[in-house]
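If you're matching positions, the sequence shown starts at 9 in our numbering and goes up one per residue. Heads up, the beta-carbon is just placed ideally off N, CA and C, and yes, glycines get one too. Accompanying notes for the structure given below.
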Amino acid sequence: MDALEAIITRRSTRNYKPDPVESEKIEKVLEAGRQAPSGGNNQTSHFLVIRNRDVLDRLIALTEKAFAGMEITENMYASMKYSVTAAKKGGYVFCYNAPLLIAVANRKDYGNNIADCACALENMMVAANALDLGSCWINQLKWLNEEPEILECLYSLGMKETERVYGAVIIGYPETENGLPNRNLMKLKGNEVTWID
Ligand SMILES: Cc1cc2nc3c(=O)[nH]c(=O)nc-3n(C[C@H](O)[C@H](O)[C@H](O)COP(=O)(O)O)c2cc1C
């Protein structure tokens, strides 16, 4: 698959087989993330590669607890409202039971932290598509990136106290008939273009 095809056919996958992703493929995805551009070529993104089921389950439980303790407010972001409602009901899983979650952290005092993480995440999602893997951006750990219990868990995994998570991606084999990611082109409803000749 050439680069442009991998970019424009990348779609989010939210249903995964439990099969683990081979380490060689994870390395390739990580290489794509680590080669992403960064402001001033700072290269301060920190990739936490979580494929241990117990750790994933602990993060799922902590995330559910944090959302369940929140109150819904009128102007709350719709996806956040959904997460709070689902967590209060119980059984809330923010990462669709994918076998692999890569959380991208960066220095909390660095102005390009979110931008750098976004570049790395997009590179990794495109690379996953090129490798016939499904992926989806997962934002809950960014929303909850000051939650004390989640911070403690992330510190125990190796995140530095000077860092925060600004985005994450799940990756795995899609639960589709042919095992390949859905690659339908997206119907565009926005992303306006203005040409200035
Ligand atoms: C900043 C950002 C945050 C996102 N957060 C989530 C998320 O937490 N959970 C989720 O299922 N999808 C999330 N997505 C995926 C979007 O919903 C998805 O990219 C969008 O609907 C377009 O669909 P496509 O990825 O299939 O092209 C996020 C995407 C971005 C760029």
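Selected residue, minimal CA-CA separation from residue i, among the options
| i | options | result |
| --- | --- | --- |
| L165 | N105, G99, T17, F55 | F55 |
| R18 | I146, P107, A76, N137 | N137 |
| G47 | W151, P156, N120, E130 | N120 |
| P156 | D65, Q51, K73, L193 | K73 |
| R66 | T81, F102, G41 | F102 |
| W145 | G187, V173, K116, A76 | V173 |
| A113 | L162, T81, A86, E39 | L162 |
| M133 | A111, R115, R61, L159 | A111 |
| E130 | Y24, L38, N23 | L38 |
Residue i vs residue j beta-carbon contact at 8 Å
| i | j | result |
| --- | --- | --- |
| A128 | A44 | yes |
| P107 | G142 | no |
| Y118 | T21 | no |
| L149 | A176 | yes |
| A94 | Y100 | yes |
| I16 | L193 | yes |
Any non-hydrogen atom of ligand 1 within 7 Å of residue i CB
| i | result |
| --- | --- |
| S87 | yes |
| I146 | yes |
| S53 | no |
| M194 | yes |
| R19 | yes |
| R22 | yes |
Note down, one range per segment and in chain order, each alpha helix (DSSP H) of at least 4 residues found wholly within the stretch 77 to 154. Along the length of the stretch 77 to 154, whole alpha helix (DSSP H) runs at least 4 residues long occupy 86 to 97, 121 to 138, 148 to 151, reported in chain order.
Please specify which runs of the alpha helix (DSSP H), each continuous and at least 4 residues long, are wholly inside the stretch 152 to 179, giving them in chain order. 156 to 165
Can you find at least 3 beta carbon pairs, one from the stretch 174 to 190 and one from the stretch 26 to 34, that sit closer than 8 Å? yes
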